[in-house]
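Undergrad:
2 protein chains.
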Amino acid sequence: MKNFTFQNTTKLIFGRGTIARLTKELPADVRLMVTFGGGSVKTNGVYDQVMAALKGRDFVEFWGIEPNPKVETLRKAVALGKEKKVDYLLSVGGGSVADGTKLIAASLRSALDPWDIVLDNGKIGEMVPYATVMTLPATGSEMNLNAVISNLATDEKFGMAVPRRPEFSILDPETTFSLPDEQIAYGICDTFVHVAEQYMTTAGQSPLMDRWAEGILLTLVETAPKIRADKRNYDAMADYMLSATMGLNGFIAMGVSQDWATHSIGHELTALHGISHGQTLAIVLPAMMRVLRDQKMSKLLQYGERVWGIVSGTPAERAEAAIDRTEEFFRSLGLATRLSELNVGEATIAEIERRFSSRGVAFGEGRNVDGPKAGEVLRKCLRAN
Amino acid sequence: MKNFTFQNTTKLIFGRGTIARLTKELPADVRLMVTFGGGSVKTNGVYDQVMAALKGRDFVEFWGIEPNPKVETLRKAVALGKEKKVDYLLSVGGGSVADGTKLIAASLRSALDPWDIVLDNGKIGEMVPYATVMTLPATGSEMNLNAVISNLATDEKFGMAVPRRPEFSILDPETTFSLPDEQIAYGICDTFVHVAEQYMTTAGQSPLMDRWAEGILLTLVETAPKIRADKRNYDAMADYMLSATMGLNGFIAMGVSQDWATHSIGHELTALHGISHGQTLAIVLPAMMRVLRDQKMSKLLQYGERVWGIVSGTPAERAEAAIDRTEEFFRSLGLATRLSELNVGEATIAEIERRFSSRGVAFGEGRNVDGPKAGEVLRKCLRAN
């Protein structure tokens, strides 16, 4: 096991009717800005619950943080927040609103342009405190330091890490009942791949962390069909929602190495084509596993046995079967797993190769997923064989 | 899933050589008291590492917090701390030192006698901050709010909960290499039973929490023989140490009910006979499972299948096999699993029955482990059949 430091201070408030807890969890006497995405919270009852909890408070609303939040939008929120001398933020929505709110929180007391902060997280000084009401389980943003921000002007999308977590996050599974089916599918896939990025690495680093990662994967595999059958199944949605939070809050990352090459390629597909994040991962992960099969053989065999019950065949056959089952699982969610299904072709692959190579970057546990390797991965998922 | 609130703010610093981190983790300008147990830290190098990290600081040492820490000892520490105007505590040792330090931290700014605080945790006001260097994995005290305190004068032992967690806890698996074999066995059993108390309850409350609890149990079952073979096996000891922390820090308790009846009876055996805590649990848990077999049938079957691979036989046979395997596991650690092995007999059973009945208490998920039921459990583990 590697040495590690772990700390996660966010208070997680989970369950039915918990949005009402805002009344007492938000400090008195803060100059609050509430951030939102589009209008779905106005139709699913979340907005009304938040307003009821904030009754008697003075606050500013900022609307319009979009999926894959754009720095162009967030600049406007920062300007409004500075004008109103905001010193506490409340994100109400999914992971994109939470991610955008993190960049706002990191920018309010800074003279820098928000994109400069995205490009160099080391420039973040004091952040204003913030909290979330999370209505779409997927990103784990409600309990971590991560955000992913896009730039319309440059067609770029980058992950960043801020130094301050949400003070608290409220998760009521009932707020997810009205989500469109594809959003749920993207979220389940996103959660699955978050776990895979922390698990599909060198075997034997921590048996306990392996078990916990496998525990989330097994829960997703068992829960997804229940949600597909009835997305108002409270217990199934609660377990998925909890899995999404636990999948990216540091709890399964103690003492083990991580990968994140799949995400790095996925972000490029979103930046270039606007493809939903979870959808990009469903395409890239199986191909990544196939290209790095030999490097990840020990973990693939363990994964195949413990998550999919695959125990017979040669190691190569068992690894292939585990990857096939993964791709089938994503397809069972209704997701595409090949680029050709989304009309993405060789030109995009060449552009991503070029970007990685010109930036001089290489991703993955082994830092070997560079431009040419990314091209190999993308050609592997270009079309069905 | 039940509604829940989760927050655990303790910073966990884990790995080789991490005691040196004290230098920067402890705030400057605090009036520090360092608390210790017996002298083992002076022979295993821990004391020297702590002193090196505290070089240049002014601090008070308090020695002699014993296993099953006694309020009589802790009163002396509180008096010393008040005299020296101590405002920060550092516990160096195992769970007993950490538990005792929690009571000191809860008493330093109080006019009450520490035992009054044990008897009514609601009387705790402001606590002084404290941190731990943990040298014996077992209690999870390094990352939770719990303490168990004994009273020599009354032969009583009670659990308590304080409102403040350790600021940080440092766990270096190498500090455990010199532990006596029986301490390791007690600790593994204690960890196993902590998890069982949060898991062996109504089935189906949270599939994810079930998987995480089973993940710890499986890790203990797989790791214990490696530690028995070589207690200087760093990776095995690291996984056990991490399991002990994760077994009682709230991470596997989200949205599920808990039991704790086994602990309640075990504490009485310690209070009356000084039997080590982990040893009492090895005796009581299998008997508790046998007495409550029908009530816990669904979970026992799941446990048998996922932890022990038991899939054939009638439900009753599978449940019995799972309990038998549990008892065999404790015996494989070198622990007794019957009261007769420790020369405890009917008089003690009658006294524990009397105590539970006279206090009017009943423990367990179903609040049905009262005096007579505790007697039934204890008679079940009186001697081998």
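Protein chains in written order, with the numbering used here: chain A, 1 to 385; chain B, 1001 to 1385. All C-beta atoms in this analysis are idealised placements derived from N, C-alpha and C, irrespective of residue type, glycine included. Being a predicted model, the structure only gives us computed values, none of them experimental.
In terms of residue numbering, what span does the alpha helix (DSSP H) encompassing B/Glu1376 cover?
TA: Run containing B/Glu1376: 1371–1380, per the alpha helix (DSSP H) assignment.
Undergrad: If we define contact as Cβ-Cβ less than 8 angstroms, is A/Ile386 a contact residue for chain B?
TA: Residue 386 of chain A is absent from the structure shown; chain A starts at 1 and stops at 385.
Undergrad: Taking the straight line between their C-alpha atoms, what separation do you get for A/Ala131 and B/Glu1268?
TA: Taking the straight line joining both Cα atoms gives about 44 angstroms.
Undergrad: Short of 8 angstroms in beta carbon distance, which residues of its chain neighbour B/Arg1318, apart from the five on each side in sequence? Order them along the chain.
TA: Around B/Arg1318: Leu1300, Leu1301, Gly1304, Glu1305, Ile1310, Val1311, Ser1312.
Undergrad: Our contact map puts B/Asn1146 next to B/Gly1159 with C-beta atoms below 8 angstroms; I'd like the distance itself, whole angstroms only.
TA: Yes, they are in contact, since the Cβ atoms of B/Asn1146 and B/Gly1159 sit about 6 angstroms apart, within 8 angstroms.
Undergrad: Is it buried or exposed, B/Thr1219, if we count other Cβ atoms within 10 angstroms and call 16 or more buried?
TA: The residue in question, B/Thr1219, is buried, as its Cβ has 16 or more Cβ neighbours within 10 Å.
Undergrad: Pairs of beta-carbons, one from the segment 221–236 of chain A and one from the segment 266–284 of chain A, closer than 8 angstroms: are there three or more?
TA: No, they do not touch.
Undergrad: Output yes if chain B places a C-beta closer than 8 angstroms to the C-beta of A/Arg16; else output no.
TA: Yes, A/Arg16 counts as interfacial toward chain B.
Undergrad: Determine whether the Cβ of B/Phe1329 lies closer than 8 angstroms to any Cβ atom of chain A.
TA: Chain A contact via Cβ: absent.
Undergrad: Taking contact to mean 3 or more Cβ pairs, one atom from each stretch, closer than 8 angstroms, check whether the segment 58–65 of chain A and the segment 34–44 of chain A are in contact.
TA: Touching, yes, given that three or more Cβ pairs across the two stretches are closer than 8 angstroms.
Undergrad: If we count the other Cβ atoms within 10 Å of its Cβ and call it buried at 16 or more, is B/Ser1096 buried or exposed?
TA: Result: buried.
Undergrad: Hey, is A/Lys11's beta-carbon within less than 8 angstroms of any beta-carbon in chain B?
TA: Judged by the 8 angstroms Cβ criterion, A/Lys11 is in contact with chain B.
Undergrad: Using 10 angstroms around the beta-carbon of B/Glu1327, count the other beta-carbons present and answer buried if the total reaches 16, otherwise exposed.
TA: When all chains shown are included, B/Glu1327 counts as buried.
Undergrad: According to DSSP, which residues form a beta bridge with B/Val1041?
TA: Paired residue(s): none; B/Val1041 is not in a bridge.
Undergrad: Determine the burial state of B/Ser1264: buried for a count of at least 16 other Cβ atoms within 10 Å of its Cβ, exposed for fewer.
TA: By the neighbour-count rule (16 or more Cβ atoms within 10 Å), B/Ser1264 is buried.
Undergrad: What are the start and end residues of the beta strand (DSSP E) that includes A/Thr5?
TA: 4–14 is the span of the beta strand (DSSP E), which, as asked, contains A/Thr5.
Undergrad: With a 10 Å radius around its C-beta and 16 neighbouring C-beta atoms as the bar for buried, classify B/Arg1354 as buried or exposed.
TA: Classification for B/Arg1354: exposed.
Undergrad: For the segment 208–219 of chain A against the segment 335–354 of chain A, are there 3 or more C-beta pairs whose distance is under 8 angstroms?
TA: The answer is no - the segment 335–354 of chain A does not touch the segment 208–219 of chain A, with fewer than three Cβ pairs under 8 angstroms.
Undergrad: Could you check what DSSP says for B/Val1092 in three-state terms: helix, strand or coil?
TA: The answer is strand: DSSP assigns B/Val1092 an E or B state.
Undergrad: Could you give the distance in angstroms between the alpha-carbon of A/Lys70 and the alpha-carbon of A/Ser276?
TA: Each residue's alpha carbon lies about 14 angstroms from the other.
Undergrad: Between A/Ile184 and the rest of its own chain, which residues show a CB-CB distance below 7 angstroms, the 5 nearest in sequence each way excluded?
TA: Excluding positions up to five away in sequence, the list reads Ile227, Lys231.
Undergrad: Just to confirm before moving on: does the CB-CB distance between A/Thr135 and A/Gly94 stay below 8 angstroms?
TA: Yes.
Undergrad: In the structure shown, what three-state DSSP assignment does B/Met1001 receive?
TA: The answer is coil: DSSP assigns B/Met1001 none of H, G, I, E or B.
Undergrad: Would you say A/Met200 lies against chain B (beta-carbon separation less than 8 angstroms)?
TA: No - not a single Cβ of chain B is within 8 angstroms of the one on A/Met200.
Undergrad: Please return the same chain residues whose Cβ sits closer than 6 angstroms to the Cβ of B/Arg1164, not counting the five positions on each side in sequence.
TA: Around B/Arg1164: Met1127.
Undergrad: Give a yes or no on whether 8 angstroms exceeds the smallest Cβ distance from A/Ser206 to chain B.
TA: By this cut-off, A/Ser206 is an interface position.
Undergrad: Between the Cα of B/Ser1040 and those of B/Thr1270, B/Phe1251, B/Pro1180, B/Lys1157, spot the shortest distance and give me the residue it belongs to.
TA: B/Ser1040 has its Cα closest to that of B/Pro1180, out of B/Thr1270, B/Phe1251, B/Pro1180, B/Lys1157.
Undergrad: Tell me, please, whether the CB atom of B/Thr1219 is closer than 8 angstroms to any CB atom in chain A?
TA: Judged by the 8 angstroms Cβ criterion, B/Thr1219 is in contact with chain A.
Undergrad: Leaving out five residues on either side along the sequence, give the residues of the same chain with a beta carbon under 6 angstroms from the beta carbon of A/Gly334.
TA: Excluding positions up to five away in sequence, the list reads Ala185.
Undergrad: Do B/Ile1323 and B/Pro1286 come within 8 angstroms of each other at the CB atom, strictly closer than that value?
TA: Yes, these two residues count as a Cβ contact at 8 angstroms.
Undergrad: Is there a Cβ of chain B sitting closer than 8 angstroms to that of A/Asp48, yes or no?
TA: No, A/Asp48 does not count as interfacial toward chain B.
Undergrad: Could you list the residues in the segment 1148–1163 of chain B with a C-beta less than 8 angstroms from some C-beta on chain A, going in chain order?
TA: Here the close residues number zero.
Undergrad: Quick check: the segment 40–54 of chain A against the segment 70–80 of chain A, are there 3 or more CB pairs under 8 angstroms?
TA: The segment 40–54 of chain A, when compared against the segment 70–80 of chain A, does not touch it at the 8 angstroms Cβ threshold.
Undergrad: Using 8 angstroms as the limit for Cβ to Cβ distance, is B/Gly1045 near chain A?
TA: No, B/Gly1045 does not count as interfacial toward chain A.
Undergrad: Given that B/Asp1239 touches chain A, what residues does it touch there, using C-beta distances under 8 angstroms?
TA: What B/Asp1239 touches in chain A: Met1, Ser206, Pro207, Leu208.
Undergrad: What number of angstroms, rounded off, separates the C-alpha of B/Lys1102 from the C-alpha of B/Val1162?
TA: The alpha-carbon atoms of B/Lys1102 and B/Val1162 are separated by roughly 7 angstroms.
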